[in-house]
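K.L.:
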Amino acid sequence: TDCAARAPGAACRGRSGRAAPRAGPRRRRPRARAGRPPARSARLAGAMGERPTRRDALVWVDCEMTGLGAEGGPGGDSLLEVACLLTDGELNLIAEGPDLVLHQPDEVLAGMNEWCQRQFGWRGAGEVVPGGLADQVRRSEVSLQEADCALLDLVSRHLEKGVGVLAGNTVHMDKRFLDKFCPRFMGHLHYRLVDVSTVKELCRRWHPEDFARAPAKTGRHRALDDIRESLEELRHYRSAIFKASG
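Just so you know, we're using the numbering used here here: the sequence shown kicks off at 10 and counts up by one.
1) Under the rule that 16 or more other beta-carbon atoms within 10 Å means buried, what is Ala-3, buried or exposed?
2) Quick one: grab the DSSP three-state call for Gly-196.
3) Can you say whether Arg-185 is buried or exposed, counting buried as having 16 or more other CB atoms within 10 angstroms of its CB?
4) I'd like to know if the region 191–211 and the region 173–181 are in contact, where contact means that at least 3 CB-CB pairs between them fall below 8 Å.
5) With a cut-off of 8 Å, do at least 3 Cβ pairs link the region 96–112 to the region 137–149?
6) Could you give the distance in angstroms between the alpha-carbon of His-167 and the alpha-carbon of Phe-194?
7) Output needed for Gly-130: all residues of its chain with C-beta closer than 7 Å, excluding positions within five of it in sequence on either side, in chain order.
8) Under the three-state reduction of DSSP, which class applies to Met-121: helix, strand or coil?
9) Which word fits Trp-69, buried or exposed, when buried means at least 16 other C-beta atoms lie within 10 angstroms of its C-beta?
10) For a quick check, are the C-beta atoms of Ala-92 and Asp-108 less than 8 Å apart?
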């Protein structure tokens, strides 16, 4: 199904696995008043707003996967969770978007590597830790295609095609999975990346005192938590080691 054909808010679900309200009978959409965009559902894609005219937006993404993939791609691994938010080049929040747990069958969960099984609450033989990510994945009804559409909806509302640059920690790893499982979303972005891990490693070598003052990580390994921490980390490095422009 083409993402453009999907009604806003239809079928996609968040961490709770509950469906967003389905659209009622179709009505002719009223023309937007001058200077105001037409109203649409923002359940998954954050607040509605005008597309920024600046071409410095960062598209922050973090994924939780069943493993690290193989041979430069996902291999036999798949996505379990994905979260996204947008900032401008000054790291000010534009929109906080989808935070989705994706459904996977038990055979996919059983194929997770040992670290993922322990971290996400898979006990084996079909048993899960209640409330853990594996449990939420089982109960979710969100498909990979729905996640792709929700991510595309966020960036296409706020950014022209080819403007947003993917950002995060070790984000090239997330990109491997997103290229395969969320191709519409990735097709809307610029080809470049902003990897906070690169800045971290340079700061550790060149500015160890500033590195030591970087915000501590919680280690929860949930997508939205991780991406918020990545943003705060880059804000720290920016204020500590980069001179303000102008």
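The beta carbon of each residue, even a glycine, is placed where N, CA and C say it ideally should be.
P.N.:
Looking at the atomic coordinates:
1) In this structure the chain extends from 10 to 255, so residue 3 is not present and cannot be described.
2) As a position in the sequence shown, residue 196 is number 187, starting the count at 1. It is helical.
3) Position 176 of the sequence shown, counted from the start, is the residue given in the question as residue 185. It counts as buried.
4) yes
5) With a cut-off of 8 Å, the region 137–149 and the region 96–112 count as touching, because enough Cβ pairs lie within range.
6) Position 158 of the sequence shown holds residue 167. Position 185 of the sequence shown holds residue 194. Rounded to the nearest angstrom, the two C-alpha atoms are 13 Å apart.
7) By one-based count along the sequence shown, residue 130 stands at place 121. Counting only Cβ-Cβ distances below 7 Å, and skipping sequence neighbours, we find Val-137, Val-138, Gly-141, Leu-142, Ala-143, Asp-144.
8) Here residue 121 corresponds to residue number 112 of the sequence shown, with the count starting at 1. In the displayed model, Met-121 falls within coil according to three-state DSSP, outside both helix and strand.
9) Along the sequence shown, read from residue 1 onward, the residue named residue 69 stands at position 60. Buried, by the Cβ-count rule.
10) Within the sequence shown, numbered from 1, the residue matching residue 92 stands at position 83. Within the sequence shown, numbered from 1, the residue matching residue 108 stands at position 99. Cβ distance < 8 Å, so Ala-92 and Asp-108 count as in contact.
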